[in-house]
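Mind the numbering: the sequence shown is residues 7 to 412 in this note's numbering, read in order.
Backbone N, C-alpha and C define an ideal beta-carbon position, used for all residues, glycine too.
Quick notes on the structure that follows.
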Amino acid sequence: MDRIQSFYSQHVGGTFQVTVRVGSSGLMAGATDRVVEVPKQSAQVNHQPVSQPKVREPAVVEGSIKHSNRLNADFRFENFVEGKSNQLARAAAQRVSEKPGSEYNPLFLYGDTGLGKTHLMHAVGNQIRSHNPNAKIIYVHSERFVADMVKALQLNAIADFKRVYRNVDALLIDDIQFFAGKEKSQEEFFHTFNSLLEGGQQIILTSDRYPKEIDNMEDRLKSRFGWGLTVRLEPPELETRVAILINKAQESGVELKRDCAFFIAQKVRSNVRDLEGALKRVLANAHFFGQAITLDFVRETLRDLIAVHDRQISVDNIQRMVADYFKIKISDLLSKRRNRSVARPRQVAMALCKELTDHSLPEIGDAFGGRDHTTVLHACRKIKELSDTDLAIRDDYNNLLKALTG
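Dropping the structure here:
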């Protein structure tokens, strides 16, 4: 019993109780057989998406490890709004759904939270199911994989665990970074991964970071994550955010005017989840109070969110954050110096001011040492052009954008 407790604490954490009824053992045991019950941890971390998946028909998997495929029927390719920020990821996911196991295996999607990784993962599963209703698909969060493995070890039934996770057409695991530091889980997933790839079964993984940047993850796993296709999802650009809002409103039976969608999209830039949260707030208030959704109504409904946004995002704040990020002085940004170590951060700061504030080009130029509006316009175009070809510039810009918009 002490060994079980020690193992569970090491690989899962938290406090728990174990109750044992003596009898025959194994995952296939009946009601009178030996059962180990592990209640939830006393302090769980919730990594689930804002909108919980709609559970389809239960799929009773072997023995005591029972779960449904947990695919969210609402997450489909048809309602995934495509933009420059997610175009490649969507195309790759669509391809995988048409030929699972034959191309892009594994498919590794990474990026910040709320950018559509989970949506695409479910969309692949739903599409595979539409072509083959009998397809065996397992979608789990990485923590569920760990919990199932621990349970199987406690029951001395690891063979049944392996059959559950290897006898599938597609295995979809969300937030793979939570395997970090869990050596036994990584060991078991390593063998599961190899078995699935050898069998031509599809693997799709998501993470909040690039595979090789996941700390405390075995190198052999990091290497295998890159065997297929690794795609990053970026924060959506303004036009995509507007399209997402209009589409989501239509799904709720509401026609959202473009000026209202544009206003919300300007104020909420961090990720799709926050964007949808702001829209739900507007729609709920309009419904409860019987109000038409006008620009004034949206402003009033989101006034606290807007206040935080306006306090945080000013030309001064942008200049200060850019200077700190590039390890230069604010006075350098305002100076006439034109060497690249100063000129490039200045262009980034100007582009951020153009995107995040309501200031005109002449006003922005004036705030940067009295430069004219053509200099600001050139800076914005230059950063946009470089972001398409230079990964370092794109990362710098997106990192600052994320820091400023929260």
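Closest Cα partner of residue i within the set the options
| i | options | result |
| --- | --- | --- |
| D372 | L340, S347, Y110, F151 | L340 |
| T411 | P241, D330, E245 | P241 |
| Y145 | D265, L211, S191, E204 | L211 |
| M223 | Q192, K142, S91, Q160 | Q192 |
| V274 | K90, F332, R247, F114 | R247 |
| Q1 | L178, I182, A158 | The question about residue 1 has no answer, for the chain in this structure spans 7 to 412. |
| T198 | C386, F151, R346, I370 | F151 |
| V382 | L203, S366, R305, R279 | S366 |
| N277 | Q100, V174, R400, L407 | L407 |
| P106 | L94, R135, D80 | R135 |
| E257 | W233, R226, G232, L289 | L289 |
| H137 | Q160, L161, L239, S103 | S103 |
| E84 | K254, L397, D396 | K254 |
Start-to-end residues for the beta strand (DSSP E) that takes in residue i
| i | result |
| --- | --- |
| L115 | 113 to 116 |
| H365 | Taken as a continuous stretch (DSSP letters only), H365 belongs to no beta strand (DSSP E), as it is neither H nor E. |
Residue i - partner residues in DSSP beta bridges
| i | result |
| --- | --- |
| R238 | Y116 |
| I209 | L177 |
| H147 | D180 |
Test: residue i CB closer than 8 Å to a CB of chain D
| i | result |
| --- | --- |
| N405 | Absent here is chain D; the protein component of the structure consists of one chain. |
Run of the alpha helix (DSSP H) containing residue i, from where it starts to where it stops
| i | result |
| --- | --- |
| Q297 | Looking at the DSSP string, Q297 is not in any alpha helix (DSSP H), and its letter there is neither H nor E. |
| I252 | 244 to 257 |
| V321 | 321 to 332 |
| K408 | 397 to 411 |
| F231 | 225 to 231 |
| L126 | 123 to 137 |
| I220 | That residue, I220, is in no alpha helix (DSSP H); it is neither H nor E in DSSP. |
| V102 | 93 to 104 |
| K273 | 264 to 273 |
| L339 | 336 to 340 |
Cα-Cα separation, residue i to residue j
| i | j | result |
| --- | --- | --- |
| C359 | R76 | 43 Å |
| I270 | R215 | 28 Å |
| V56 | G375 | Reliability fails at V56, whose pLDDT of 43 lies under 50, so the model's placement of it is uncertain and the value that follows must be treated cautiously. Distance between the alpha carbons of V56 and G375: 44 Å. |
| N52 | K123 | At N52, the pLDDT of 42 sits below 50, so the modelled position is not reliable; the number obtained from the coordinates is stated separately. Roughly 17 Å separates the two Cα atoms. |
| S30 | E282 | For S30, the predicted model reports a pLDDT of 41, less than 50, meaning its position is unreliable; a value from the coordinates is still stated below. Looking at the two C-alpha atoms, the distance is approximately 51 Å. |
| S229 | V328 | 34 Å |
| N291 | T307 | 7 Å |
| A153 | K188 | 12 Å |
| F114 | Q183 | 12 Å |
| P112 | F268 | 37 Å |
| R96 | E88 | 7 Å |
| H379 | L244 | 22 Å |
| A163 | V156 | 10 Å |
| D252 | R169 | Per the sequence shown, residue 252 should be read as Ile rather than Asp. So the two alpha carbons sit approximately 44 Å from each other. |
| P368 | E361 | 14 Å |
| R377 | Q133 | 53 Å |
| Y171 | G131 | 15 Å |
| R352 | Y116 | 29 Å |
| R305 | S320 | 19 Å |
| F231 | A79 | 27 Å |
| E272 | G120 | Sequence check: residue 272 is Gln here, not Glu. Cα to Cα, Q272 sits roughly 17 Å from G120. |
| M356 | K342 | 15 Å |
Residue i beta carbon near the ligand HEM (any heavy atom closer than 7 Å)
| i | result |
| --- | --- |
| F268 | The ligand HEM is not part of the structure shown, which contains no ligands of any sort. |
Jot down the residue ranges of each uninterrupted beta strand (DSSP E) in the stretch 154 to 192, minimum 3 residues, whole runs only, in chain order. 176 to 180
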